[in-house]
Structure formats: structure tokens, C-alpha cells
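Peer 1: Before I ask anything, let me first share the structure, which is written out below as C-alpha cells.
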Amino acid sequence: MVAHLIRLRFRLLANSLTRSPWQAVAVGLGTMYGLAMLFLAVIGLLFLSAAPEELGRTVTVLGGAVLVLGWTFLPLLSSGIDETVEPAKLATFPIPIPTLLLALAISGVLGVPGIITTLAALATSLVWWHTPAIAVVAVICAIIGALTCVVGSRMLAALTVRISSGRRAREAKTVLVLIPLLLLGPAILAVSTLFREFRSLLPIISDVVSWTPFGAIWAVPGDLATGRPGLAALHALVGVATLVASTAVWRWSLDRALERPAVSTATGGARRGLGWFAVFSGTPTGAVAARSLTYWARDPRYAQSLISVPLVPAIVFFYTGASGDLSGLLFVGPIVAVLLGMSIYTDVSYDNTAFSLHLQTAVSGRADRWGRVIAVSVFAVPTTIILTVASVWISDSGDRLVGMLGISLGLLITGLALSSLVSGRFAFSVPAPGENPFKARPGGGFTLMLSMFASWTALAVLALPEMVIALVGFATFNEALGWVALAVALVLSSVFLVIGVRVGGTMLDNRGPELLVQLQRQK
167 MVAHLIRLRF
177 RLLANSLTRS
187 PWQAVAVGLG
197 TMYGLAMLFL
207 AVIGLLFLSA
217 APEELGRTVT
227 VLGGAVLVLG
237 WTFLPLLSSG
247 IDETVEPAKL
257 ATFPIPIPTL
267 LLALAISGVL
277 GVPGIITTLA
287 ALATSLVWWH
297 TPAIAVVAVI
307 CAIIGALTCV
317 VGSRMLAALT
327 VRISSGRRAR
337 EAKTVLVLIP
347 LLLLGPAILA
357 VSTLFREFRS
367 LLPIISDVVS
377 WTPFGAIWAV
387 PGDLATGRPG
397 LAALHALVGV
407 ATLVASTAVW
417 RWSLDRALER
427 PAVSTATGGA
437 RRGLGWFAVF
447 SGTPTGAVAA
457 RSLTYWARDP
467 RYAQSLISVP
477 LVPAIVFFYT
487 GASGDLSGLL
497 FVGPIVAVLL
507 GMSIYTDVSY
517 DNTAFSLHLQ
527 TAVSGRADRW
537 GRVIAVSVFA
547 VPTTIILTVA
557 SVWISDSGDR
567 LVGMLGISLG
577 LLITGLALSS
587 LVSGRFAFSV
597 PAPGENPFKA
607 RPGGGFTLML
617 SMFASWTALA
627 VLALPEMVIA
637 LVGFATFNEA
647 LGWVALAVAL
657 VLSSVFLVIG
667 VRVGGTMLDN
677 RGPELLVQLQ
687 RQK
């Protein structure tokens, strides 16, 4: 049964890559990147073998702890984990929970990230190759550490699915994710300052980390190398207990998910009028705008785009506050404008098969494009203006206000134009409606990242005129150039928006059925 599930996993993966050549390219590029990082890690660990034992212990403990932390929590902050074989789809089959757990764990280890992580963990034994017995212990600890990484990520994914079953719970989860995100800026600043000014404290930090579930198992070889076998036994006990506890929690959450599958409550509850549909006009454009705003308010997948809005000012504020130069806050408005402008980049992909409603009702491509642009503009335009004005006021740069508004609004509107164009042509691999918003598909996140990078480059080129004019005005203290930059930004970006909506709408009209087929294949 375990072998059958593993074969099913790779068969589904092969089918998804066959249907999407770009996804296959993304997986290939991601594999090459991972192998390059693995090569650098192996070289570094080989050099570390010539260093004192205490330094080798410090590096392996901190590096291993970062590895476990990344596997466990990064899926909440990025595109998630690969769940090619979803446990929810196996609920109707009489598969024992231990068998399913073993199959999912092995399939996780045999994925590209799992293989690279396992090899990197095993490479830590190179630090102790001078002492074969300790190197063998390091191999055993590396296996336990790699399994902890995979099991930890699966455990958190299973818990997240249960937590995400209701709307209130999804909103609470978003807040819980947002809090550490807001603290990320000062945390990074504090850690970088600590490493720069207090390098001598790193061994002390590693000693503390070695007693945590994330770093305990990685400390065992170093403890033996430094002549502390009793300490090594205690750390091994903590490491093994962490793996056992993570597996138990994963089993419990998976058992509950299979016995009582999560039911979306998005359609439940009392109805209170038509919502946004009562606000917008009864036209195709108004209907699309109302539908899109409803998604922005209720769909947790859209909430990920909005997390960046409070995150950017927080990070910039802490970094600039530490340096004492608040002029860096001027970047807040443009950065948020770019993020909000590109936030409808995957709108059609998020629709999934519901996009068929647009085709069945013969909604024109232009109406679809304008509706989505209007919906995001309802909050994106005032947010961009407020953050730009606030950043100028806090940094005491009133003479730059008009120019910064030109840059920010130019980037926002031009970003909406590019998003309208690209989302009318391409479908991206994103979590389907009702799925864990932090779920990832093989190669999907990498493809989206490459596409976004190309779009950001195009956005920078298109918004270059107003940025150059505004920057020249700042350098020459000519406030009149700020007004010129604002006028140029509004005119040029509006022209780009009209072109983006028209061209994107035409592509949507011509390729609507093909786009729907691509969306259906991603289910």
C-alpha cells in the first residue's frame, strides 16, 4: 500500500509536469538551484571539519535549527508545501492512518526539497569525518533531523487545514500569521546586529538553541566531539521526542481531517442583503467588481496579498529608525503601490473553474478587466495615497510630497495595467478555492516568481519617466518638477491602463475557453 501511494504521488507529479511545460521548466530550474546550494553547503562543511570542534558544533546546531524552522514555518509565509497526494482526497479509501502517514512522509522526503534537505543533513557528518564513530552518529542524527523537517511541515499543514475550515477561524489564522510577519523586521535587525557586534555570543546562542526542539538533534555529534556524552544523550532524547511528538500531532490532525473533513462555511450563515452587488451598477463591469470585492473580503487566498500592506511600513520603519535616517520611509508608498498594483496578477487563476460563469454569460473581456481593476482600486488608491502622505510627513520631507505621489500612483496604475494584460493571457498554479491558501503545487511558485520578476522589470521601465522627473526634482530642489512628475504619471499610467485593459480583454475574449481548460487541469 505504501509503495502504491508513493507511485501514485510520482504519477500525479509527472502528469502535472506533462500538462504544463513551464511548470516542468520551473521544477528543473528549482532543482538546479537546490543542487547549487547543496554543493556550497558541502564545501563549507568540508572546510569546517578543519576548524575547532566547538565551532563545528555551533555552526551545525544553528544551521540545523534554521533548517527545521524553515521547513516548519516558511509554508505559512510563502507558497506552502507540495501536496501532490492530498489526504482529503483519500478520505473515502480504507487506508490505515499509519500507512498513510508513512507514505506521505516518504513522498515528502523523495521530493526535490526533501532530497536536497536530506543530503545537506547527511553532509553534516563531513564535519566529524576525522572521528568515524562520531560521523556515524551524525548520519543517524541527520536522518532524524531530515524526518523532523518533513514531518513538521506536514503536521503544520494538517493543522492549518483544520483551522481553516471556517471563515472566522481563517481570519484568526491570518492575524496569527500577520503578527510574526510584523515582527520580522525588528527580528532580522536584532539578529544581524547581534551577529555583527557579538560574534562571541554565538556559542552561547547555540547552547540555548540546542535545548529547543529545532536544534537538539543537531547538537549530539558536537557534544560527543567535545567530550560530553551525557549532554549528547539528553539532546538525543529531546530530538527523538520532538520527532515522535510531531508525528503524533500530525496523526491526530490527519485522523480528524479524514473522519470529519473540513466544511467551508462561506455559504452558510444569515444573508444580509446583496452586499457589494447592491453598491455597484447592474452592468457586467459592476457585477465583476462586486464579485471581486467579495473575494477580497472573504477569500483567505487574497488576504496573503494584503499582508504586505502593514508589513512594508513596519520593516522600513525599523530599519530606518535604527539608522536614524527616516528618509528611507519615502520608499513605503512606491513599494506598497507595486504590491497592490500587481495583486490582481493571479485573479483569473484564483477564480478557477468559476471562470466558466464569465464565459457562459458572455461577459466581455473588457468588462472583466475593468471590473477587477475597479474592485482593487477601491482600497488600493486610498491606501497608496495615505501611506505616501504619512511617510512624507513622518520623514519631514514635505517638499517631496507631490513627486512621491507621482511615483506611487504611476506605479500603482501601471501595475494594474500590466496585471490586466498578463492575467488575461496566462493561468498560474495557485491553491484552488477552499484549499489551504498556503498550499504549493510542484513548480507553480517558481513559475509565478519568474513571471512576477519579468513583470516588475517591465513595470520599472514603463514608470521610468515619472520616476526620473521626480528624482531630478528632488536632487535640484525644484518642486515644480514634482507637479510635472505627477501629471506625467497620471497621463502615462492612464494610457497604459486603457491599453492593458483593451489588449488583456481582447486576449481574454479570444482565449477564454483555452484559459478555462488550463484552470480545470490545475484542479
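At position 521 of the sequence shown the residue is numbered 687 (the numbering used here), and the sequence of numbers has no breaks.
Glycine residues also receive a C-beta, built at the ideal position from the N, C-alpha and C atoms.
1. Nearest by alpha-carbon distance to residue 310: which of 371, 481 and 386 is it?
2. Return the CA-CA distance between residue 246 and residue 325, expressed in angstroms with no decimal places.
3. Note down the Cα distance separating residue 154 from residue 208, rounded to an integer number of angstroms.
4. Evaluate contact between the stretch 570-590 and the stretch 533-549, counting only Cβ atoms and requiring at least three cross-stretch pairs below 8 Å.
5. Considering only C-alpha positions, which residue in the set 317, 624, 399 and 561 is nearest to residue 584?
6. How big is the Cα-Cα spacing for residue 281 and residue 587?
7. Check whether the Cβ atoms of residue 462 and residue 667 lie closer than 8 Å to each other.
8. Rank 447, 497 and 312 by C-alpha distance to the C-alpha of residue 406 and give the top, closest one.
9. Exposed or buried, residue 296, counting other C-beta atoms within 10 Å across all chains shown (16 or more means buried)?
10. Could you compute how far the alpha carbon of residue 551 sits from the alpha carbon of residue 621?
11. Evaluate the contact criterion for the stretch 370-379 versus the stretch 276-293: three or more CB pairs, one atom per stretch, below 8 Å.
12. Could you round the C-beta distance between residue 231 and residue 452 to whole angstroms and report it? I think they count as a contact, below 8 Å.
13. Using a Cβ distance threshold of 8 Å, determine whether the stretch 441-455 contacts the stretch 519-533, with at least three qualifying pairs required.
14. Buried or exposed for residue 429, please, with buried defined as at least 16 other CB atoms from any protein chain shown within 10 angstroms of its CB.
15. What's the gap between the Cα of residue 177 and the Cα of residue 653?
16. Please report the residue range of the alpha helix (DSSP H) in which residue 501 lies.
17. Tell whether a beta-carbon distance below 8 Å holds between residue 409 and residue 317.
18. Quick one, which of 193, 648, 593 and 401 has its alpha-carbon nearest residue 685's?
19. Thinking C-beta only, is residue 307 closer than 8 Å to residue 237?
20. By a C-beta neighbour count over all protein chains shown, 10 Å radius and 16 as the cutoff for buried, is residue 502 buried or exposed?
21. To which residues of the same chain is residue 229 closer than 7 Å at the C-beta, ignoring the five residues directly before and after it?
22. For a test of the three-state rule: what should DSSP assign to residue 291, helix, strand or coil?
23. Return the CA-CA distance between residue 655 and residue 508, expressed in angstroms with no decimal places.
24. Looking at the structure shown, is residue 261 part of a helix, part of a strand, or coil, going by DSSP?
25. Suppose contacts are defined by Cβ-Cβ distances below 8 Å. Is residue 483 in contact with residue 569 by that definition?
26. By a C-beta neighbour count over all protein chains shown, 10 Å radius and 16 as the cutoff for buried, is residue 262 buried or exposed?
27. What is the DSSP secondary structure of residue 553, reduced to helix, strand or coil?
28. Please tell me whether residue 556 has its Cβ less than 8 Å away from any Cβ of chain B.
29. Leaving aside the five residues before and after residue 223 along the sequence, list all residues of the same chain whose C-beta is less than 6 Å from its C-beta, in chain order.
30. Would you check if the distance between the CB atom of residue 499 and the CB atom of residue 574 is smaller than 8 Å?
31. Please report the distance separating the alpha-carbon of residue 682 from that of residue 513.
32. When you compare only the Cα positions, how much space is there between residue 560 and residue 402?
33. Measuring CB to CB, does residue 390 end up less than 8 Å from residue 300?
34. Please name the residue in 458, 572, 210 and 268 whose C-alpha comes closest to that of residue 511.
35. Keeping to the same chain, check which residues put their C-beta closer than 6 Å to that of residue 525; ignore five residues upstream and five downstream.
36. Between residue 630 and residue 662, which are expected to be in contact by the criterion C-beta below 8 Å, what is the C-beta distance as a whole number of angstroms?
Peer 2: Once the coordinates are examined:
1. In terms of CA proximity to residue 310, 386 leads the group 371, 481 and 386.
2. At residue 246, the pLDDT of 49 sits below 50, so the modelled position is not reliable and the matter cannot be decided from this model.
3. As shown, the chain starts at 167 and ends at 689. That puts residue 154 outside it, with no answer to give.
4. Verdict: yes, contact present.
5. Ranked by Cα distance from residue 584, the first of 317, 624, 399 and 561 is 624.
6. Each residue's alpha carbon lies about 38 Å from the other.
7. It is not a contact, given that the beta carbons lie outside the stated cut-off.
8. Looking at the Cα atoms, 312 is the closest of the given residues.
9. Exposed, by the Cβ-count rule.
10. Residue 551 and residue 621: Cα-Cα distance of roughly 23 Å.
11. Verdict: no, contact absent.
12. That belief does not hold up - the Cβ atoms of residue 231 and residue 452 are roughly 52 Å apart, past 8 Å.
13. Yes: at least three Cβ pairs fall under 8 Å.
14. Below a pLDDT of 50, predicted positions are generally treated as unreliable, and residue 429, at 49, falls in that range; the measurement from the model is reported next regardless. Around the Cβ of residue 429, a 10 Å sphere holds fewer than 16 other Cβ atoms; the residue is exposed.
15. Computed Cα separation, rounded: 55 Å.
16. 498-507 is the span of the alpha helix (DSSP H), which, as asked, contains residue 501.
17. Yes.
18. Selected option, being the one with the closest Cα: 593.
19. Not closer than 8 Å, so no.
20. The residue in question, residue 502, is buried, as its Cβ has 16 or more Cβ neighbours within 10 Å.
21. Excluding sequence neighbours, residue 229 sits near nothing in its chain.
22. Residue 291: helix per DSSP, three-state reduction.
23. Taking the straight line from one Cα to the other gives about 17 Å.
24. Residue 261: coil per DSSP, three-state reduction.
25. 8 Å or more divides the Cβ of residue 483 from the Cβ of residue 569.
26. Exposed, because fewer than 16 other Cβ atoms sit within 10 Å of the Cβ of residue 262.
27. Note: residue 553 maps to helix in three-state DSSP.
28. This model lacks chain B altogether, as it is built from one protein chain only.
29. Correct list, in chain order: 388.
30. Between residue 499 and residue 574, the gap from beta carbon to beta carbon is short of 8 Å.
31. Roughly 13 Å between the two C-alpha positions.
32. Between residue 560 and residue 402, the C-alpha separation is close to 51 Å.
33. Yes, the Cβ-Cβ distance between residue 390 and residue 300 is below 8 Å.
34. The candidate whose alpha carbon is nearest that of residue 511 is 458.
35. Taken in chain order, the residues that qualify are 678.
36. The Cβ separation is near 12 Å, so there is no contact.
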